[in-house]
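Visitor:
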Amino acid sequence: MTDAALPNQAPPGEPAMRPHRSLWRDVWAQFAVHKGAMAGTGIFVFIVLAVFIGPYIHTLDPSFIDIRNKNQGPSFEHPMGTDQLGRDTFAQVLAGGQVSLAVGVTAMALSLVIGTLIGVLAGYFRRLDGPLMRFTDLFLALPLLPLLLVIIMLFRDTLRSAFGPETGIFILIVFVIGITSWMQTARIVRGDVLGLKEREFVLAAHSIGTRQHRVISRHIFPNVLSPIMVSATLGIANAIITESALSFLGLGFPSDFPTWGRLVFDGVTFLEQHPERVLYPGMAIALTVLSVNYMGDGIRDALDPRIRSNR
Amino acid sequence: MFNYTIRRLLFTVPTLLLISFIIFLLLDLAPNDPTGNLPMTITPEVREKIRISLGLGEPIHIRYLLWLQQFFVNEPLNLIEEWWGIQIGDAENRLRVQSWATRSPVVDLVVERMPQTLWVVGMSYVVGILIALPIGIISAYKHYSWFDQIGTFVSMVGFSIPTFLTGTVLIVLFSVLIDSSSPFWLPSIYDTTHRVTDWSSFVVQVKQMAMPVMVLALFNAAQLSRFMRASMLDNLSQDYVRTARAKGMKERVVLLVHVLRNSLIPVVTVIALGVPQVFGGAIITEQIFKVNGLGQLLIIGVQGADIPLVQTLTFIFAVLIVLFNLIADLIYGILDPRIRYD
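Going down the list, the sequences are from chains A and B.
The first sequence: position 64 = 451 (this note's numbering), numbered continuously.
The second sequence: position 218 = 1169 (this note's numbering), numbered continuously.
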């Protein structure tokens, strides 16, 4: 902060001192250069706002059945028309977006927590490294999509009766996607931790008697945040695609509880007469995933010191 | 290298056993009843008999060992018998893994479905590679040109759009909007009974394969071209490229012999690693275009709670993953002389 005041006092012969540059400002500057990442962030923020604020503006109930107005084209009242039961498609897409995004973010968070935990433990404690990494390899060798289908088929009814149809499926899908997508994060984090724990600042922390868990939480963890952030964006994209794929195969949420994948699945039946019913939710998925992927690209470039210094 | 291969092969045995046990346990601990879909009029005693006839009377470890024996001993023996037309031991009474829904051996179902999957999925992977490699090479060579910009954008789009969306969009475009008498019309349903006998039936076959193959090929090409581009970029800035140019080699030779051969090393491993994932991703594509391949068989099994079928298919997918991981490692070792496994 004092740097900003210095140039005035500097002797006339010396060049003015450059303003103080923090790491995060550099990262942001590199991120802002990446046009795709900025566009992706804009679109993603727009989609999130539209999905969560939109229902307050477009107040039609997505599950309200108005059978007289079925199969209508787009109008002022129904911007995306109505479906075969007269439900408003736009309201359904908005409601579906809430669920899809919620699934994406929660499943991503779960997989990050598992991945980071396993990665940090395996990297930091040598004794745990072998078993935990073999465990990761084992998970990588499992055929994930078939297993997802199987788990959902088998545990759907139990969870439905325990938590109600919607919450039960939500818990199941988030849990299942979370526990099948943490492996890449764990591997990357472990690699970084292996390098970090040999550095001087960790040694210094040990030498002043810092406890193990404090070393991990104060010194190791903040330094592996950047790969975790990249995995977070990719994780959201992956979770949204997986959820919609499951819904598309008819193994996701019940049909009165719309998600984007479910809407595509329902629309496929009427594909020949009303292809737009597949395209609206489908485009929503594609746009969200595309924007999130571009954000991930931008974050990765921004956090990569080699690329940042090339500017 | 040879020792390494043997060691890895030996290591796959416990891995696969563990995976098969996990799959078995998962399916067995699940709270569902195979007789749950039967009519309510069936008495509990009869239900119990049905359960025993399905082999559920035994404790879990016996059933697991039985399945292992059926899958690893009986099925291979049966295949050998069929291929060479010989008989080994007591072929009549040998138990095979039976599907609950169809009451026929699971492996027979798999063999029935295999050709369609191999044709569609295999072809799409080949097409994907053929598209991806040139795009990756040109994008990297003309870095930041308009070709690179468009190529990167298209691969990002292809990578982000799920296959069920590209599939349905293609169906809308080529089967719904285009009139069925037009030569550009493509069928949206894959007809497995179609036989190629002459030119016109060959054209029909090509047409019905076109859409599923394109959907999967686009997805694979998007991923592969990103790898190819990154790998080419890594190599193009290396010293040996400058040396080759300084020696006065033609640009074509520098690019296609020196750089390409080195950049292909990681890409080939990625290609090998992607093969089992293609089988997994094909589940959705097969469902869209109604290709009755392995993926669709799995979906039918899942929907019908056909445990032995699902178990065996999932395990076959797991075997593919482990196998291609091994192949990828070995290829890497063969192609890159810097890698030493011993």
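Don't be surprised by glycine CBs; every beta carbon is placed ideally from N, CA and C.
Note that the structure is a prediction, hence the values are computed from the model and not measured.
Could you please tell me which residues of the region 1075-1108 of chain B, in chain order, have their CB closer than 7 Å to any CB of chain A?
Guide: 1107 and 1108
Visitor: Cα-Cα, which of B:1086, B:1194, B:1059 and B:1119 is closest to residue 1241 of chain B?
Guide: Start at 1 with the first residue of the second sequence, and residue 1241 of chain B comes out as number 290. Here the closest residue by C-alpha is B:1119.
Visitor: Please decide whether residue 540 of chain A counts as near chain B, where near means a Cβ-Cβ distance under 8 Å.
Guide: Residue 540 of chain A sits at position 153 when you count from the first residue of the first sequence. A Cβ of chain B is located within less than 8 Å of the beta carbon of residue 540 of chain A.
Visitor: For residue 653 of chain A, count neighbouring Cβ atoms within 10 angstroms of its own Cβ and tell me buried if that reaches 16, exposed if not.
Guide: What you label residue 653 of chain A is simply residue 266 of the first sequence in a count that begins at 1. Buried, by the Cβ-count rule.
Visitor: Residues in the same chain with beta-carbon distance under 6 Å from residue 940 of chain B, minus the five sequence neighbours each way, listed in chain order, please.
Guide: Here chain B comprises residues numbered 952 to 1293, so residue 940 of chain B is not present and cannot be evaluated.
Visitor: Counting along the chain, where does the alpha helix (DSSP H) carrying residue 1200 of chain B start and finish?
Guide: Translated into the one-based positions of the second sequence, residue 1200 of chain B becomes position 249. Counting along the chain, residue 1200 of chain B falls outside any alpha helix (DSSP H), and DSSP gives it neither H nor E.
Visitor: Measuring alpha carbon to alpha carbon, tell me which of B:1150, B:1081, B:976 and B:1220 ends up nearest residue 1165 of chain B.
Guide: Locating residue 1165 of chain B in the second sequence gives position 214, where the first residue counts as 1. That would be B:1081, whose Cα lies nearest to the Cα of residue 1165 of chain B.
Visitor: Answer yes or no: does any C-beta atom of chain A fall closer than 8 Å to that of residue 1222 of chain B?
Guide: Locating residue 1222 of chain B in the second sequence gives position 271, where the first residue counts as 1. Judged by the 8 Å Cβ criterion, residue 1222 of chain B is not in contact with chain A.
Visitor: To which residues of the same chain is residue 680 of chain A closer than 6 Å at the C-beta, ignoring the five residues directly before and after it?
Guide: On the first sequence, position 293 is the one that residue 680 of chain A refers to. Closer than 6 Å at Cβ, skipping near neighbours: 624.
Visitor: Taking the alpha carbon of residue 673 of chain A as the reference point, which residue from A:493, A:488 and A:466 has its own alpha carbon closest?
Guide: Position 286 of the first sequence holds residue 673 of chain A. The candidate whose alpha carbon is nearest that of residue 673 of chain A is A:488.
Visitor: Looking only at C-alpha atoms, which of A:412, A:484, A:613 and A:686 sits nearest to residue 438 of chain A?
Guide: On the first sequence, position 51 is the one that residue 438 of chain A refers to. Looking at the Cα atoms, A:484 is the closest of the given residues.
Visitor: Take residue 1145 of chain B and list the residues in its own chain whose beta-carbon comes closer than 8 Å to its own, dropping the five residues that flank it on each side.
Guide: The residue you call residue 1145 of chain B lines up with position 194 of the second sequence. Annotation for residue 1145 of chain B: 1152, 1155, 1156 and 1159 place their beta carbon closer than 8 Å to its own, counting only its chain and skipping 5 residues before and after.
Visitor: Who are the neighbours of residue 977 of chain B on chain A, taking C-beta pairs under 8 Å?
Guide: The residue given as residue 977 of chain B occupies position 26 in the second sequence. By Cβ distance, chain A contributes 534, 537, 538 and 541.
Visitor: If I measure Cβ to Cβ from residue 1137 of chain B and keep anything under 7 Å in the same chain, skipping five residues before and after, which residues do I get?
Guide: For this step, residue 1137 of chain B is matched to residue 186 along the second sequence. 1125, 1126, 1158, 1161 and 1162.
Visitor: With a threshold of 8 Å between beta-carbons, can residue 651 of chain A be considered close to chain B, or not?
Guide: Taking the first sequence and counting its residues from 1, one reaches residue 651 of chain A at position 264. True, the Cβ-Cβ gap to chain B drops below 8 Å.
Visitor: Closer than 8 Å, CB to CB, is residue 1259 of chain B near chain D or not?
Guide: No chain D is part of this structure, whose protein chains are labelled A and B.
Visitor: Taking residue 700 of chain A as the query, report the chain B residues whose CB atoms sit under 7 Å from its CB, ordered along the chain.
Guide: Residue 700 of chain A falls outside the range modelled here, since chain A spans only 388 to 698, and no answer is possible.
Visitor: Leaving out the 5 sequence neighbours to the left and right, which residues in its chain are closer than 8 Å to residue 481 of chain A when beta-carbon positions are compared?
Guide: For this step, residue 481 of chain A is matched to residue 94 along the first sequence. Only 437, 438, 441, 442, 445 and 449 meet the Cβ criterion.
Visitor: Let me know the secondary structure DSSP gives residue 1021 of chain B once reduced to three states.
Guide: In the second sequence, residue 1021 of chain B corresponds to position 70, counting from 1. Reduced to three states, the DSSP call for residue 1021 of chain B is helix.
Visitor: Which partner residues does residue 469 of chain A have in the DSSP bridge list?
Guide: Locating residue 469 of chain A in the first sequence gives position 82, where the first residue counts as 1. Partner(s): A:475.
Visitor: Could you check the C-alpha separation between residue 1070 of chain B and residue 1148 of chain B for me, to the nearest Å?
Guide: The count along the second sequence starts at 1 and reaches residue 1070 of chain B at position 119. The count along the second sequence starts at 1 and reaches residue 1148 of chain B at position 197. The alpha-carbon atoms of residue 1070 of chain B and residue 1148 of chain B are separated by roughly 17 Å.
Visitor: Output needed in chain order: residues of the region 1231-1257 of chain B with a Cβ under 7 Å from some Cβ in chain A.
Guide: 1231, 1234, 1235, 1238, 1249, 1250, 1253 and 1256
Visitor: Do residue 529 of chain A and residue 1223 of chain B come within 8 Å of each other at the CB atom, strictly closer than that value?
Guide: Your numbering for residue 1223 of chain B matches position 272 in the second sequence. Your numbering for residue 529 of chain A matches position 142 in the first sequence. For residue 1223 of chain B and residue 529 of chain A, no; Cβs fall outside 8 Å.
Visitor: DSSP state of residue 711 of chain A, grouped into three classes?
Guide: Residue numbering for chain A in the displayed model covers 388 to 698; residue 711 of chain A lies beyond these limits and cannot be assessed.
Visitor: Using only the alpha-carbon positions, how far apart do residue 594 of chain A and residue 587 of chain A sit?
Guide: Here the question's residue 594 of chain A lines up with position 207 in the first sequence. Here the question's residue 587 of chain A lines up with position 200 in the first sequence. Cα to Cα, the separation comes out at about 10 Å.
Visitor: According to a CB-to-CB cut-off of less than 8 Å, which residues of the region 628-642 of chain A neighbour chain B?
Guide: Taking 8 Å as the cut-off between beta carbons, the residues of the region 628-642 of chain A near chain B are 628, 631, 632, 635, 636, 637 and 638, in sequence order.
Visitor: Hey, could you find the ends of the alpha helix (DSSP H) residue 968 of chain B is sitting in?
Guide: For this step, residue 968 of chain B is matched to residue 17 along the second sequence. Per DSSP, the continuous alpha helix (DSSP H) segment holding residue 968 of chain B begins and ends at 953-980.
Visitor: To the nearest angstrom, report how far apart residue 643 of chain A and residue 479 of chain A are at their CA atoms.
Guide: In the first sequence, the residue the question calls residue 643 of chain A occupies position 256. In the first sequence, the residue the question calls residue 479 of chain A occupies position 92. Those two C-alpha atoms are separated by around 10 Å.
Visitor: Scan the region 443-470 of chain A for residues whose Cβ lies nearer than 9 Å to a Cβ of chain B and list them as they occur along the chain.
Guide: none
Visitor: Hey, residue 1047 of chain B and residue 1106 of chain B: beta-carbon distance below 8 Å or not?
Guide: Position 96 of the second sequence, counting from 1, holds the residue named residue 1047 of chain B. Position 155 of the second sequence, counting from 1, holds the residue named residue 1106 of chain B. No; because the gap between Cβ atoms is not below 8 Å, this pair is not in contact.
Visitor: Taking its Cβ as the centre, do 16 or more other Cβ atoms sit within 10 Å of residue 577 of chain A, making it buried, or is it exposed?
Guide: Numbered from 1 along the first sequence, position 190 holds the residue referred to as residue 577 of chain A. Residue 577 of chain A is buried by the Cβ-count criterion.
Visitor: Name the two residues that bound the continuous alpha helix (DSSP H) containing residue 443 of chain A.
Guide: As a first step, residue 443 of chain A is located in the first sequence; it is residue number 56 there, counting from the start. Per DSSP, residue 443 of chain A belongs to the alpha helix (DSSP H) from 422-444.
Visitor: Please state whether the Cβ-Cβ distance between residue 424 of chain A and residue 684 of chain A is less than 8 Å.
Guide: Against the first sequence, residue 424 of chain A aligns to sequence position 37. Against the first sequence, residue 684 of chain A aligns to sequence position 297. Yes, the Cβ-Cβ distance between residue 424 of chain A and residue 684 of chain A is below 8 Å.
Visitor: What distance in whole Å lies between the Cβ atoms of residue 1249 of chain B and residue 1264 of chain B, which are believed to be in contact at a cut-off of 8 Å?
Guide: Against the second sequence, residue 1264 of chain B aligns to sequence position 313. Against the second sequence, residue 1249 of chain B aligns to sequence position 298. Yes, residue 1264 of chain B and residue 1249 of chain B are in contact; Cβ-Cβ is about 5 Å, under 8 Å.
Visitor: Can you check whether the C-beta of residue 966 of chain B is within less than 8 Å of a C-beta belonging to chain A?
Guide: Taking the first residue of the second sequence as 1, we reach residue 966 of chain B at position 15. Residue 966 of chain B counts as touching chain A.
Visitor: What residue range does the alpha helix (DSSP H) around residue 593 of chain A cover?
Guide: On the first sequence, position 206 is the one that residue 593 of chain A refers to. According to the DSSP assignment, residue 593 of chain A belongs to the alpha helix (DSSP H) that extends over 587-594.
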